[in-house]
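One structure below.
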Amino acid sequence: MSEKLLMKGNEAVAEAAIRAGCRHFFGYPITPQTELSAYMAKRMPKIGGTFLQAESEVAAINMVLGAGAAGARVMTSSSSPGISLKSEGLSYIVGSEVPCVVMNVQRGGPGLGGIQPAQSDYFQATRGPGHGDMHLIVLAPASVQEMVDLCYDAFDLADLYRNPVMILADGMLGQMMEPVEFENQPHRELPEKSWATNGHQNRRPHNVINSLYLKAPELEAHVRDIFKKYETIREKESRCEAYLADDAEILLVAYGAAARLCKNAVKMARERGVRAGLLRPITLWPFPERQLFSHTEHTKAFLTVEMSMGQMVEDVKLASQFRVPTYFYGRTGGVIPTPEEILEQILKIAGGAR
Amino acid sequence: MSKTQSFILSGFGGQGLLFAGKVIAYAGLHDGREVSWLPSYGPEMRGGTANCTVVLSDEPIGSPMVGRPDLLMALNLPSFDRFERLVVPGGVAVVDSSLVERRSERTDIAVYYIPATKLANERGLHGGANMIALGKLLRETGFVSMETLLEGLKKSMPARKEHLYPYNVQAIELGYHYGE
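Structure follows, in structure tokens:
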């Protein structure tokens, strides 16, 4: 077994990307993801890779499109306002069916907002973020080790489905250090990138990467093809972790950093005799709908906890098909809810349910 | 020893609180425990107060944030003012008395005063107040063994700073034996 190292989430995900074969990183600095770019800047030149600090986020994401179109494993990272700027490019990348990995180390918004951790980009990540009929695959790690594990998988998923994959973290996960190891990562069987626009010495017809379809029926067919992939992704790729969920009367639903706080709250509730549990979506898109729905059989109430004004709560309501009441508790703007605050909400609901 | 111990280490940016936290975290890791280390970041890093939170636990760590620490290291007055009242009853605080003149009024926690900055300067261990205070914290709480703490120290130091290892050990031992 390899020795465990203490690393910041931002650094660990950069190392994981390099180990996953990413050799091209295009970025623009922003707190609280800076350590990721800094790590890439230090490492890439030493391993024959590219680190490029672009003149803007818009430039960086279009460089990602270029490198990805040539078949390279490529990554960019940013934080909330920067992701807004990258959204146009992400739409082009979806339309062009090019794989890439994008890291969002979320901070408070809207606008320039603040630099403390938040989860208020859930809608942006799962509903868009760009224009047009599109989705990103969105992965939500809750520990530094999971940032590593999901980073490996993000590159595989991107290549497999030829679609951008977003790792949606936040300032807490990016900045904190935890023990981490990089060995024994499973890899998927992946198809050849026969579509890539790389050099071929005229041994095959030219490949074209494009997102412009001026004939409406052609564009519709193209979009339908993309959505066929999305059906497969929905069927095969949704993931969540269930924690003390099987007998839970009150089931918390939370992802990422908020899920960690909820685990403490669930433990405290159990100590007080309240059967609480936690369902933690690991994929935010596709949302683990079936898994959540299965808990409507025994759960009396859902409590969605987010570091936002309530965004994922809509997916919880949809997935539960309103079979049980869904409550919400959140703090936003970089304020982080305490386990005690969450416990109070659990006890309030438990009191009302009895 | 309880299942989970939480630390808040706080002081001016540049006093090495984040490093001290890393030493504690690596020591915990050396003992096979679960560990987390969470820094304050942003403008606080640039000359104001910096702090970090470390959790050592025998079970997986939920929240890496701690509202009420078991152990506090406060190397300046703003830190002591901010965190003193948050230490859990029965908890321990180590305070740099060369920078903090007041004394705690709490009777339900143990507060130890050590002139860490002054000692560091007197002994030529400049910038070693963090390790002196850490030695004191170790002495008063025994959260790990001295051997384990020094392992943590070794792991926390990048190769290019290896030559500073003996100075850090000296500082830890100075704090550990202070007042004997």
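Respectively, the protein sequence lines represent chains D and G.
Residues in the first sequence are numbered consecutively from 0, following numbering that gives the first Met the number 0.
Residues in the second sequence are numbered consecutively from 0, following numbering that gives the first Met the number 0.
Even for Gly, the Cβ is constructed at its ideal location relative to N, Cα and C.
Should residue i and residue j be called a contact, given that it needs their Cβ atoms to be closer than 8 Å?
i              : j              : result
G47 (chain D)  : V104 (chain D) : no
V179 (chain D) : Q144 (chain D) : yes
V91 (chain G)  : T140 (chain G) : yes
N201 (chain D) : G70 (chain D)  : no
A300 (chain D) : I348 (chain D) : yes
A318 (chain D) : L291 (chain D) : yes
P28 (chain D)  : Q52 (chain D)  : yes
E177 (chain D) : L302 (chain D) : no
A132 (chain G) : M72 (chain G)  : yes
P116 (chain D) : I335 (chain D) : yes
G27 (chain G)  : V143 (chain G) : yes
F6 (chain G)   : L70 (chain G)  : yes
G65 (chain D)  : V93 (chain D)  : no
S55 (chain D)  : L84 (chain D)  : yes
T48 (chain G)  : M64 (chain G)  : no
R138 (chain G) : Y164 (chain G) : no
G107 (chain D) : G333 (chain D) : yes
A115 (chain G) : D95 (chain G)  : yes
E16 (chain G)  : L74 (chain G)  : Note that residue 16 (chain G) is Leu in the sequence shown here, rather than Glu. Against a cut-off of 8 Å, the Cβ pair of L74 (chain G) and L16 (chain G) comes out as a contact.
A13 (chain D)  : L35 (chain D)  : yes
According to DSSP, residue i sits in a beta bridge with which residue or residues?
i              : result
C51 (chain G)  : G:L8 and G:P38
G327 (chain D) : Looking at the sequence itself, residue 327 (chain D) is Phe, so the reference to Gly does not match. Answer is D:T303.
W194 (chain D) : According to DSSP, W194 (chain D) bridges with nothing at all.
T106 (chain G) : For T106 (chain G), which the question treats as bridged, DSSP gives no partner whatsoever.
P68 (chain G)  : Beta-bridge pairing links P68 (chain G) to no other residue.
V103 (chain D) : The sequence as given places Asn at residue 103 (chain D); Val does not occur at that position. Answer by DSSP bridge pairing, in chain order: D:S77 and D:L167.
R269 (chain D) : For R269 (chain D), which the question treats as bridged, DSSP gives no partner whatsoever.
C239 (chain D) : D:P280
M6 (chain D)   : D:E177
Q52 (chain D)  : D:G26
E182 (chain G) : Outside the displayed span of chain G (0 to 179) sits residue 182 (chain G), for which this structure offers no information.
With a threshold of 8 Å between beta-carbons, can residue i be considered close to chain G, or not?
i              : result
I335 (chain D) : yes
M176 (chain D) : yes
P31 (chain D)  : yes
V12 (chain D)  : no
K214 (chain D) : no
P324 (chain D) : no
P338 (chain D) : yes
Could you tell me the distance, in whole angstroms, from the CA atom of residue i to the CA atom of residue j?
i              : j              : result
M0 (chain G)   : G113 (chain D) : In this prediction, M0 (chain G) scores a pLDDT of 45, lower than 50, which makes its location untrustworthy; no coordinate-derived value is stated.
I166 (chain D) : E33 (chain G)  : 24 Å
I60 (chain D)  : P185 (chain D) : 28 Å
L173 (chain G) : Y111 (chain G) : 15 Å
A139 (chain D) : G123 (chain G) : 48 Å
R126 (chain D) : K266 (chain D) : 33 Å
A253 (chain D) : K262 (chain D) : 10 Å
E87 (chain D)  : V57 (chain D)  : 8 Å
M62 (chain D)  : A158 (chain G) : 35 Å
Q344 (chain D) : L55 (chain G)  : 27 Å
E10 (chain D)  : G173 (chain D) : 8 Å
L85 (chain G)  : L149 (chain D) : 36 Å
E179 (chain G) : K7 (chain D)   : 38 Å
Between the options, which has its C-alpha nearest residue i's C-alpha?
i              : options                          : result
E236 (chain D) : D:L84, D:M308 and D:L156         : D:L156
I60 (chain G)  : D:A318, D:M175, D:I82 and D:I335 : D:M175
I17 (chain D)  : D:S293, D:L64 and D:R42          : D:R42
E150 (chain G) : G:Q14, G:A24 and G:S9            : G:A24
F122 (chain D) : D:W284, D:E288 and D:S293        : D:W284
L211 (chain D) : D:H205, D:R203, D:A220 and D:K45 : D:A220
Would you say residue i lies against chain D (beta-carbon separation less than 8 Å)?
i              : result
K153 (chain G) : no
L70 (chain G)  : no
A24 (chain G)  : yes
G61 (chain G)  : yes
G66 (chain G)  : yes
Y40 (chain G)  : yes
L8 (chain G)   : no
K160 (chain G) : no
S35 (chain G)  : yes
K2 (chain G)   : no
Is residue i near the ligand COA - that is, is its Cβ less than 7 Å away from at least one heavy atom of it?
i             : result
P77 (chain G) : As for the ligand COA, it is missing from this structure, which has no ligand bound.
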